[in-house]
Structures are given as C-alpha cells and as structure tokens.
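The opening position of the sequence shown corresponds to residue 1 in UniProt numbering, with each subsequent residue numbered one higher.
Structure first, commentary second.
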Amino acid sequence: MAVGRALSKIETQITSRQLPAWLRGFVRNRESGLVVAALVIGIASGGLVALMGWIVQHLHEVLFNLPAGQRLSATFHVPRWRALLIPILGGLVLTGMARYARRMSGRLADAIEANALFGGRLSLTGSLLVTAQTIVSCGTGASVGLEAGYAQISAAVASRLGLSLAARRGDLRLLVACGAAGAIAAAFGAPLAGAFYGFEVVLGTYTVSALAPVATSALVASLVARNFEGTAFLIRPGSLSTLGAGDLVHIVAIGVLCGFAGILLMLAVAGSETAFKRLRIPAPWRTPIGGAMVGGMGILTPQVLGAGHGAMTIDLVASLAPLTLVGLILLKGTAAAVSLGSGFRGGLFYASLLIGALIGRLYADLGFQLYPDLAFDPDVAALTGMAALATGVIGAPITMTALALETTGNFAITLAALIAVVVSSLIVRELFGYSFATWRFHLRGETIRGPHDIGWMRELSVKTLMRPDARTAPQDLSLREARLKFPLGSVKHIAAVDGTGRYAGMVMLDDLHTAPLDRGGDPLSTLCRFTDRILQPWMTVREALDLFEKSEADALVVVDHEATRRVIGTMTEAHALRRYGEELERLQPDSVLR
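So this is what it looks like as structure tokens:
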C-alpha cells in the first residue's frame with residue numbers, strides 16, 4: 001500500500017509538471033520537434049527492452065540454475081522440482097501483485113486501448129505494475145512473451161513525455177505509437193517491423209507526417225538495444241532457396257493452416273480463462289495452479305517454459321520427427337493458453353512466431369515424406385509459417401512481412417511470407433474478426449476493433465450536445481391556452497410533463513397551431529409524440545443518432561434518468577449529425593490503414 005501511494009504520488013507530480021514553454025512550443029508547432037521527442041522515446045525504449053531482457057535472463061539463470069547466457073527454452077533438461085516449483089512460486093507472487101492491481105481498476109489500459117479510448121493517455125504507475133507482472137511471469141517460466149511488457153512500459157514513457165510537452169491529442173497518440181514501435185524494434189532487432197507495428201497495431205493509420213517520428217524511434221531503439229545485447233535475429237537459416245511458381249500452392253496451404261491455427265490459439269486462451277472460472281477455483285489459487293500445469297509440461301520438455309527464444313534457435317536447425325513437432329506445437333500452444341488463462345501476464349507474440357515456425361516446418365517435413373519430388377524448402381516453410389500465424393494472432397500483416405525481410409534479407413522469402421500473411425489475415429478477419437488484443441477487449445465487453453481513435457465519440461455525448469433551455473408545459477394544458485403561451489416562431493417543440501414533472505411526450509409547434517379550432521379545449525397530451533423515445537446525458541452521439549433513426553424524429557427530449565424522466569434539455573438530429581461529421585472530417589486524413 002505504501003509503495004502504491006508513493007508511486008501514485010510520483011506519477012501525479014510528473015503529470016502536473018510540464019517542460020519549459022519554449023520546448024513545448026517546439027514540439028507542438030514543428031514536425032522536427034516530434035522527431036526529437038521520438039528520438040528520446042527510442043533511446044528510452046531500447047534501454048528498457050535491454051534492461052527487461054537482462055532481468056528475465058538472470059532470473060532464469062538463478063532460478064533454474066542455468067549457465068550464463070543459456071536460454072531456458074533451449075535447455076535440454078531442467079530438474080523436475082525446479083520445473084514444477086518455480087512457476088508455482090511465480091503464480092503466488094502474481095497473486096499478491098494482483099491484490100494491488102485490483103485497486104487500480106480502470107487504469108491498467110494497454111497502448112492499443114489508450115490510443116483508442118483515452119487519446120494516448122497511459123498510467124505510468126499502472127504500466128510499471130503490468131511490466132513487473134510480465135517480468136515475474138516470464139522470469140518464473142510461464143509460457144508468455146515479454147513483448148507485451150516491452151510495448152507497455154515504452155508506450156507509457158512516451159505518453160508521459162507527451163503530456164509533459166502538452167502534446168495535442170493526435171500527437172500524443174503518435175508518441176505512444178513511437179514508444180511501441182521502439183519496443184518491438186528493439187526486441188527483434190528489426191526497425192522496419194517495429195515501425196510498421198506502431199502504425200498497424202497501435203496507431204491504426206499511416207500518414208507521411210507520422211513516418212519520420214515512428215521510424216526514428218524504431219531505428220534508435222534497435223540500435224540502443226543492439227549495443228547492449230548484440231544482434232537479435234530470430235532465425236539464421238544456413239541457406240534459403242529462391243522461390244518458383246510451383247511453390248505458390250505450398251505457401252497458400254501454410255497460410256490457410258496458420259490462419260485456422262491462429263483462431264484456435266486465441267480461442268484456447270479464452271477457453272482456458274473460462275475453464276478456470278467455471279471450476280470455481282478461488283481466484284488467489286488460479287495462477288499457482290496454472291503455474292503447476294505449465295511446470296508439468298516443462299518436465300516433459302523445457303521448450304514450453306518462457307517465451308521460447310531458445311527453442312526457436314534449436315528446433316529449426318535440428319532434425320525432429322513429425323510426431324515430435326506435433327507434440328511441441330500442442331504443448332507450446334497449451335502452455336501459452338494455460339499461462340494467460342490462469343492469470344500470468346504477457347503476450348502471444350513470440351509464442352505465435354514459434355508455433356507458426358513449427359507448423360511450417362511440420363508441413364515441409366510431412367510433404368517430403370509423402371511426396372519427395374514436390375517437397376518445399378523447410379527453412380522457407382518455417383519463416384512463412386512464422387509470419388502467417390503471428391499475423392493472425394497479432395493482426396499486423398505488414399509488420400510480419402517486414403520481419404521476414406529483416407530476418408532473412410531475402411526478397412524471395414519475403415514474397416512468400418507476404419502471400420501467406422495475406423491468406424492467414426483474410427481467414428482470421430473473415431471467420432473470427434479479431435486479433436488477440438481486440439478479442440480480449442471483446443470478452444471484456446469493450447467495442448474496440450482496433451487502435452483507431454473512438455474516444456472522441458464517447459466524449460461527444462448527449463450531455464455536451466444538448467440545449468439546456470427546453471420549454472415545458474403541463475400535459476393537461478388546453479390547446480387554446482398552449483397557442484397563447486407558445487405563439488408561432490417562439491419555439492419548435494414543447495416537452496409536455498405530467499403533474500409530477502415527468503416527461504409525457506413532445507409536441508411540435510406546427511401540430512399545435514394547425515390543430516382544428518374546435519379542439520381548443522383538448523389537452524396538450526392529445527398531440528404528444530415520442531412518449532417512449534428519450535435521450536439521456538450519458539449516451540454517446542452514435543447512440544443518439546441510432547435513436548433518432550429508429551424514432552424518425554428531428555428532435556428528442558433529454559431527461560435526467562429513465563426512472564425520474566425529468567426534462568433537462570433537447571437535442572436535434574441536425575446538430576448531432578453536424579458535430580459527428582465535423583469530428584469524422586477532422587480524423588479522415590488519418591484513416592488510411594484499417
């Protein structure tokens with residue numbers, strides 16, 4: 001508690017403290033200012049990625065008694081008691097951390113959610129907690145990747161810098177994308193892939209003005225991380241053949257397999273989470289039990305422990321039997337699903353790369369055994385599967401194509417990856433409709449389909465758009481008296497209320513003055529429309545427009561609450577459409593990638 005209060009106090013002080021006015025003006029008024037800010041973000045991102053990787057590697061070496069520099073998932077043997085006990089201990093630590101996390105409800109948004117809903121605002125305190133949870137999860141052997149933690153803390157630092165610079169909403173979202181781009185570029189030593197990750201996954205758009213900052217951050221971050229960690233290529237195949245026209249069938253087949261595998265993997269994570277809840281296991285014990293399950297699989301093969309960096313390096317150069325490859329695919333997928341479903345923190349990025357590469361390798365090996373004359377190069381198949389499955393899970397086709405290019409430096413392989421990526425992406429979008437991140441949002445009830453800025457739509461509410469000067473009249477007022485009280489031209493509509501002040505319906509002034517004179521003694525309620533069609537202040541402009549369409553009304557009354565129905569204002573469809581259109585027009589130049 002004391003630590004939490006201290007962190008929150010520090011964050012409040014940082015948030016309220018802005019950098020000098022001349023520096024804020026430089027960033028707000030010049031594109032070069034954003035590039036300078038992106039350069040700082042890139043340096044920070046590269047350093048943070050290197051630091052997190054170093055911490056996790058040393059945790060593995062200490063907890064699992066590994067030689068210096070030895071990757072956990074590349075270890076051929078881990079003592080059974082370590083493989084089983086350490087993930088359980090990690091689960092217990094996370095249970096304790098989760099108690100503090102629950103007190104921060106609503107603040108633990110990731111970079112995608114922050115850009116979609118909050119205009120790029122990320123909690124630094126919450127992000128530090130998420131990062132610590134990710135380090136503990138991966139450091140104790142859970143089958144999750146650090147990439148989510150990399151992107152979280154880098155984006156949070158970028159957001160905090162942007163707030164200190166008083167950056168505009170659009171610029172703040174761009175800086176958050178710079179942070180995430182730098183994180184991925186540093187993690188894989190791939191600045192091009194990192195930059196496209198920022199555009200596709202975190203920003204959701206591509207503009208010429210955004211290219212320089214995002215590319216700068218990605219390039220600088222990869223250089224900084226490489227200075228600490230050395231080169232970081234995922235796969236270094238000995239030789240890669242050029243592709244011919246006959247290879248197209250193999251590439252498409254791998255894309256199809258990986259598309260369906262990606263859907264199954266995402267459903268498995270959701271199913272695992274649901275299963276832990278339905279088993280009525282007390283919440284504090286879910287993560288330790290999940291750790292025990294992962295540890296049990298780790299006894300079978302240490303390759304399921306951790307993100308899988310070491311497993312990638314050995315599996316794709318070793319001669320493994322097809323049955324062994326099938327076992328590794330199933331075990332890694334199950335371990336990742338159990339880890340995330342039971343409460344460990346991390347991502348599926350690296351797991352999807354590893355599983356995709358194994359699927360590609362399995363396809364090539366089976367093809368060679370069944371039809372040797374039509375066999376496909378196993379290295380090409382592995383890289384193609386890696387890109388295809390990760391695309392289905394992460395939802396970033398250009399990112400994975402760029403990663404294939406930077407991994408191999410071979411344009412023929414990049415073309416193969418691009419074809420498989422397109423096929424996999426099409427299958428996932430058509431049959432599933434979500435990436436892993438947006439799928440998790442969907443399960444939480446959020447209507448987020450990507451990082452596109454929809455927060456403005458929630459901020460543009462009925463409360464901000466309504467006119468508070470609604471004219472009301474008792475519903476039992478006679479039409480004759482109402483004509484005298486509301487002459488033509490005075491108002492367009494009247495809200496009729498009952499004796500207790502509750503809304504009873506809307507009367508159009510034209511209806512009032514065109515009613516037959518012999519009906520002058522009739523009550524105003526006889527002309528009421530839209531008695532059950534009401535707007536409430538919390539509704540978004542989109543919800544209001546939907547109600548206007550259903551009601552076929554030009555104007556509706558706003559009430560304080562559905563239960564009390566006290567009239568507090570009116571709102572016209574024309575005004576709502578105009579404001580909605582203005583916001584769309586403002587955002588339209590950014591809506592290039594979708």
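All C-beta atoms in this analysis are idealised placements derived from N, C-alpha and C, irrespective of residue type, glycine included.
Residues bridged to residue i [DSSP beta-bridge criterion]
i	result
M506	A495 and R529
T472	A495
I193	Reading the sequence as shown, one finds Ala at residue 193 and not Ile. Answer by DSSP bridge pairing: none, since A193 is not bridged.
A402	Partner(s): none; A402 has no beta bridge.
V567	V559
P523	S478
R467	T570
G347	G145
L535	V558
S461	T540
Residue from the options with nearest C-alpha to residue i
i	options	result
L547	V567, T572 and V27	T572
R483	V507, F530 and H561	V507
V256	L577, G120 and S425	S425
L460	F118, R519 and L415	F118
V214	I254, L265, A318 and A155	A155
V294	S137, A318, L370 and I254	S137
G327	A544, Q303 and A318	Q303
T399	M466, L477, G204 and S159	G204
Q262	G395, T95 and P67	Checking the sequence shown, residue 262 turns out to be Gly, not Gln. Selected option, being the one with the closest Cα: G395.
T391	A142, R519, G259 and T216	G259
A495	V558, E481, G433 and F436	V558
A420	G356, S478 and I289	G356
T337	V317, V144 and Y580	Rather than Thr, the amino acid found at residue 337 in this sequence is Ala. When only C-alpha atoms are compared, the closest one is V144.
residue 595	S159, L354 and Y434	Examination of residue 595 is not possible in this model, given that the chain is present from 1 through 594 alone.
F530	A555, A544 and A515	A555
E200	A167, A116, L161 and L248	A116
M312	Y580, N29, S352 and V423	S352
I568	T334, A166, L465 and L122	L465
Residue-level contact to chain E via CB, residue i, 7 angstroms cutoff
i	result
L354	Among the protein chains of the structure shown there is no chain E, as only one such chain exists.
Beta carbon of residue i nearer than 7 angstroms to that of residue j
i	j	result
G347	G385	no
V497	L509	no
S73	G343	no
A190	L403	yes
G90	T140	yes
P284	T414	no
A151	A180	yes
F436	V393	yes
A50	F228	yes
R566	G501	yes
R345	T134	yes
T570	A470	yes
D522	L479	yes
L524	L477	yes
I254	Y371	no
A576	L535	no
A183	A218	no
M266	L146	no
L316	A382	yes
P537	K463	yes
Per-residue burial, residue i [other beta carbons within 10 Å of its own, 16 or more giving buried]
i	result
K485	exposed
W439	buried
G238	Bear in mind that a pLDDT of 41 at G238, under 50, signals an unreliable position, so the model cannot answer this.
Y503	buried
E582	exposed
G106	Confidence at G106 is low in this model, with a pLDDT of 49, below 50, so its placement is unreliable and the value that follows should be read with caution. It is exposed - the Cβ of G106 has fewer than 16 other Cβ atoms within 10 Å.
L211	exposed
T287	buried
L374	exposed
P552	The sequence given here has Glu at residue 552, not Pro. Exposed is the call here.
S339	buried
K332	buried
D377	buried
T526	exposed
V249	exposed
V202	buried
Q57	buried
A68	exposed
Kindly confirm or deny that the region 36 to 46 and the region 121 to 134 touch, where touching means at least three C-beta pairs closer than 8 angstroms.
no
contact_flag[the region 74 to 89, the region 404 to 416] where n(CB pairs < 8 angstroms) is 3 or more
No, they do not touch.
Report yes or no: do three or more beta-carbon pairs, one from the region 313 to 322 and one from the region 271 to 291, lie closer than 8 angstroms?
no
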